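**Student:** This is the structure, below, for whatever I ask next.
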Amino acid sequence: MDIYKSLTSYKKKNSSVVTIGTFDGVHMGHKAILTQLVNAAKNENLASILLTFFPHPRMVLQKDSSVRLINTIKERSEIIEQTGVSNLIIHPFTKEFSRLTALEFVRDILVNQLHIKKIIIGYDHQFGRNRTATIKDLREFGKTYDFEVVEITAQQLQNVAISSTKIRKALEEGNVQTTNQYLGYPFILSGKIVKGKGIGKTLAFPTANLKIKEDYKLIPKNGVYLVKSVISEKEVFGLTNIGTNPTVGGIHKTIETYFLDYKNDLYDQDIQLHFIKRIREEKTFYSKEALKTAIKEDELFARDYLKINE
């Protein structure tokens, strides 16, 4: 898959089939639409293009800093690549871009830049300045510029919306198993391992402290989770604590992972945590010894769970 950081960087001349959207989570509902896109491209010898935008339009137009996304852009790109889409365009969303008229968007971008012959779009899609144009207008443009408009049904879009809402709710409740069912893959946290306070070492459970640079990334509810990573091309399981470490007087939220069978230094490495199951709430223990006992119990549970589910 070819990835473009703006519309202007896309220079291909072959005719295309396009879909447009945020596709946050790239969950099962999204994948049904992307399968439709990929199949149309194969059947009609067209280039498949997914056009998405970043930052999220709400971050720009409403200055909504509370927007939290299931995927970072990098995670989203990696998952989309697995669907077979040929071209992903991540165009910077700006106020200036939002002021394009419907005609300018269709003529200058879809037709002249992307060379569309078909667009797969939701029945309720609105576009152009102030989002005044509808799929009915798009069909009229299709007659003028010779492209077909394929409508994503209300049922399909409802499935997408319900899935996205349920995924966010499940993550906020810490229910990563439900999240994973809707996603069709394990929920991911990606970041760099940075130095923490070293408290895990004093407890004989050294932890890797994950720093996530994207402040828009949705983080699951505080608690202890069973996770999986790939480190040096080897699958490694671990226990991740999301929270403030109240037993040792912590006040800032951290994401710390004790890897069960990996002892090497991970500082400055980029790591992905794939969430499997929530084990328990984060608790305040009356002593460090009680905390150590709880971590040992968490480890025993994790090892038993992995054996049962091999």
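Residue numbers (the working numbering): 611 to 920. C-beta atoms are modelled at their ideal positions from N, C-alpha and C, and glycine is treated no differently. Just so it is clear, the structure is predicted and the values come from calculations on it, not from any experiment.
1. May I ask you to list the residues that DSSP assigns as paired with S800?
2. For the alpha helix (DSSP H) containing K893, name the first residue and the last one.
3. Could you compute how far the alpha carbon of I886 sits from the alpha carbon of T903?
4. Using only the alpha-carbon positions, how far apart do N649 and E761 sit?
5. Skipping 5 residues on each side, what residues in its chain have a beta carbon closer than 8 Å to that of K863?
6. Can you list, in chain order, the stretches of the beta strand (DSSP E) that have 3 or more residues and sit fully within the region 708-743?
7. Pull up the DSSP beta-bridge partners for P665, would you.
8. Within the same chain, show all residues whose beta-carbon is closer than 8 Å to that of E845, passing over the 5 residues directly before and after it, in chain order.
9. In angstroms with no decimal places, state the Cα-to-Cα distance between D734 and I745.
10. In chain order, what residues of the same chain lie with their CB nearer than 6 Å to the CB of L781, ignoring the 5 residues before and after it?
11. Just verifying my parser: in three-state terms, what is the DSSP assignment at H637?
12. One question on the structure: do F703 and F663 come within less than 8 Å of each other, judged by their Cβ atoms?
13. Spatial neighbours of P667 within its chain, please: CB distance less than 6 Å, with the 5 preceding and 5 following residues excluded, ordered by chain position.
14. Can you tell which of L617, V677, G784, I777 has its C-alpha closest to the C-alpha of R890?
15. Could you give the DSSP three-state label for I777: helix, strand or coil?
16. For D829, which three-state DSSP category applies?
17. Measuring CB atoms only, is the region 613-622 touching the region 718-727, in the sense that at least three cross pairs come out at less than 8 Å?
18. Please report the distance separating the alpha-carbon of F707 from that of N740.
**Tutor:** With the structure as the only source:
1. Q882
2. Segment: none, K893 is in no alpha helix (DSSP H) and carries neither H nor E.
3. 22 Å
4. Taking the straight line from one Cα to the other gives about 15 Å.
5. I829, N832, I852, G853, T854
6. 726-732
7. According to DSSP, P665 bridges with nothing at all.
8. K838, S839
9. 7 Å
10. T789, L828, P830
11. coil
12. yes
13. F703
14. Checking every option, the nearest Cα to that of R890 belongs to G784.
15. I777 falls in the helix class under three-state DSSP.
16. Looking at the sequence itself, residue 829 is Ile, so the reference to Asp does not match. Correct three-state label for I829: coil.
17. The region 718-727 and the region 613-622 touch, with three or more beta-carbon pairs separated by less than 8 Å.
18. 11 Å
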